[in-house]
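Start counting the sequence shown at 5; every next residue gets the next number (our numbering).
Beta carbons are placed, not taken as given, at the ideal position from N, Cα and C, and that holds for glycine.
Presented below is the structure to which this report refers.
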Amino acid sequence: MKLLKFAAIDIGSNAVRLLFMNVIEDNSDVYFKKSSLVRVPVRLGDDAFYNGGVIGAAKIEKLMHTMTAFMHLMTVHDVVSFRACATSAMREAANSAHVVSYIKDKTGVEINVIDGQQEAELIYANRIVEMIKKEGAYLYVDVGGGSTEVTLFSKMKVVATGSFNLGTIRFIKGEDTSREKKRLREFVKGLSARYRPVELIGSGGNINKVFKLSGKKEGVPLTLKNLRDIYEFIDSFTIDERIRDLGFNPDRADVIIPATNVFLKIMKWTGAKRILVPKIGVSDGIVHHLYNSYRAGKEI
């Protein structure tokens with residue numbers, strides 16, 4: 005048996021995450037086991053979406069210190085390799101190239117700014133098809149701080165992907181998202197008309213938190229009623245009460261309601277009755293991609 009450790013850095017609009025994953029090779033079998041996760045609420049989207057599209061010096065310094073800390077942790081963990089990917093906030097930031105260059109110079113971390121299609125490819129690298137039935141359609145929905153990514157799987161193949169500027173930070177800042185909501189609605193309705201019935205797969209920190217509150221065992225889907233009931237339960241608390249009484253992190257307490265609302269809307273538009281929450285995301289896909297490259301002997 006051989007044990008390898010890989011690391012993935014996911015630079016989102018709300019938080020920055022470092023995932024450590026153990027990859028166990030046992031003869032012809034390979035197992036992926038999460039080791040630990042570090043999450044830092046940098047909130048690049050606060051600047052990228054509302055500061056003239058420019059990530060300010062304070063946020064850049066926070067990101068730099070975060071990457072420095074991550075580098076130290078990866079050194080201690082003896083990772084085989086790592087990759088850092090940035091999504092919506094860095095895609096939109098007018099000074100994205102400067103931030104990438106600065107972070108590389110100061111920390112040695114090279115940030116890959118990926119688009120919606122590349123996010124979909126990382127989702128597919130998760131081997132998500134192994135978790136679903138051969139027949140049937142599944143709509144993978146990832147709601148982040150700056151964007152919502154949607155991927156449709158049918159008969160275990162990707163048949164459509166879409167990226168929409170609908171994210172929790174945009175919602176709480178009061179951005180006019182009506183145009184993107186309409187685009188998302190038309191996109192998922194069009195897919196559900198061609199592929200029925202559709203079952204949802206939910207991704208992101210907010211839907212994971214909702215699933216945890218449900219008390220369900222891993223692998224058991226949430227029903228539409230489950231999701232609606234938990235939404236109403238959380239919404240009955242103020243943001244301060246969610247932090248004090250429900251134990252939410254401050255940067256989770258204000259975004260969980262708009263995120264859950266997106267999932268509810270998509271379930272309504274598609275007619276989906278259940279949502280699977282397998283606790284996978286961009287970070288997991290990065291690790292699978294790294295391991296595949298490692299096994300192929302490619303430079304990573």
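Alpha-carbon to alpha-carbon, H293 and G301: Taking the sequence shown and counting its residues from 1, one reaches residue 301 at position 297. Taking the sequence shown and counting its residues from 1, one reaches residue 293 at position 289. Put simply, the backbone Cα of G301 is about 12 angstroms away from that of H293.
Segment contact flag, the stretch 162-179 with the stretch 253-262, C-beta cutoff 8 angstroms, min 3 pairs: The stretch 162-179 makes contact with the stretch 253-262: 3 or more CB pairs, one atom from each, lie closer than 8 angstroms.
Can you name the start and end residues of the beta strand (DSSP E) that D288 belongs to? For this step, residue 288 is matched to residue 284 along the sequence shown. Note, D288: premise wrong, no beta strand (DSSP E); alpha helix (DSSP H) at 286-300.
Evaluate L143 with the Cβ neighbour count: other Cβ atoms within 10 Å of its Cβ, from every protein chain shown; 16 or more gives buried, anything less gives exposed. Locating residue 143 in the sequence shown gives position 139, counting from the first residue. Buried, because 16 or more other Cβ atoms sit within 10 Å of the Cβ of L143.
Report the rounded CA-to-CA distance for G22 versus G219, giving the unit in angstroms. Taking the sequence shown and counting its residues from 1, one reaches residue 22 at position 18. Taking the sequence shown and counting its residues from 1, one reaches residue 219 at position 215. Residue identity check: residue 22 is Leu in the sequence provided, not Gly. So the alpha carbons of these two residues sit roughly 26 angstroms apart.
Just grab the DSSP bridge partners of M5 for me. Taking the first residue of the sequence shown as 1, we reach residue 5 at position 1. In the DSSP output, where bridge partners are listed per residue, M5 has none listed.
Assess contact between the stretch 80-97 and the stretch 46-56, defined as three or more Cβ pairs (one per stretch) separated by less than 8 angstroms. Is contact present? Yes: at least three Cβ pairs fall under 8 angstroms.
Candidates F252, T111, D244: which alpha carbon is nearest T72's? On the sequence shown, position 68 is the one that residue 72 refers to. Here the closest residue by C-alpha is T111.
Helix, strand or coil, according to DSSP, for R187 in the structure here? Sequence index remark: in the sequence shown, residue 187 carries index 183 (1-based). Here R187 sits in helix by DSSP.
Three CB pairs or more closer than 8 angstroms across the stretch 102-110 and the stretch 232-240: Segments in contact, no.
Opposing strand residues paired with I205 [DSSP bridges]: Here residue 205 refers to the residue found at position 201 of the sequence shown. Y144, L280, per the DSSP bridge assignment.
Chain-order list of residues whose beta-carbon lies under 6 angstroms from that of T91 (same chain, five-residue window excluded): Here residue 91 corresponds to residue number 87 of the sequence shown, with the count starting at 1. Cβ neighbours of T91 beyond the five flanking positions: G16.
Say whether the stretch 27-41 touches the stretch 140-160, bearing in mind that this needs 3 or more beta-carbon pairs closer than 8 angstroms, one atom from each stretch. Not touching, per the Cβ criterion.
Could you have a look at N230 and say whether DSSP puts it in helix, strand or coil? Looking up residue 230 in the sequence shown gives position 226. Here DSSP, grouped into helix, strand and coil, assigns N230 to helix.
Enumerated in chain order, which unbroken segments of the alpha helix (DSSP H) with a length of 4 residues or greater are wholly contained in the stretch 58-132? Runs found: 61-81, 92-96, 100-111, 120-129.
Apart from the five residues just before and just after I304, which ones in its own chain have a Cβ nearer than 7 angstroms to its Cβ? Taking the sequence shown and counting its residues from 1, one reaches residue 304 at position 300. Unreliable positioning characterises I304 in this predicted model, as indicated by a pLDDT of 47, which lies under 50. The coordinate reading is nonetheless provided below. S85, L294, S297, Y298, listed in sequence order.
Helix, strand or coil for Y235? Go by DSSP, reduced to three states. Reading the sequence shown from its first residue, position 231 is the one you call residue 235. In the three-state reduction of the DSSP assignment, Y235 falls in the helix class.
For the candidate residues Y199, E190, F252, whose alpha-carbon lies nearest to that of L217? Along the sequence shown, one-based indexing puts residue 217 at 213. Nearest C-alpha to L217: F252.
Counting pairs of beta carbons, one from the stretch 192-211 and one from the stretch 235-251, are three or more of them closer than 8 angstroms? Flag = no, the stretch 192-211 and the stretch 235-251 do not touch.
Note the first and the last residue of the continuous alpha helix (DSSP H) segment covering D33. Within the sequence shown, numbered from 1, the residue matching residue 33 stands at position 29. Boundaries for D33: no alpha helix (DSSP H) harbours it, while the beta strand (DSSP E) harbouring it runs 33-44, taken from the DSSP string.
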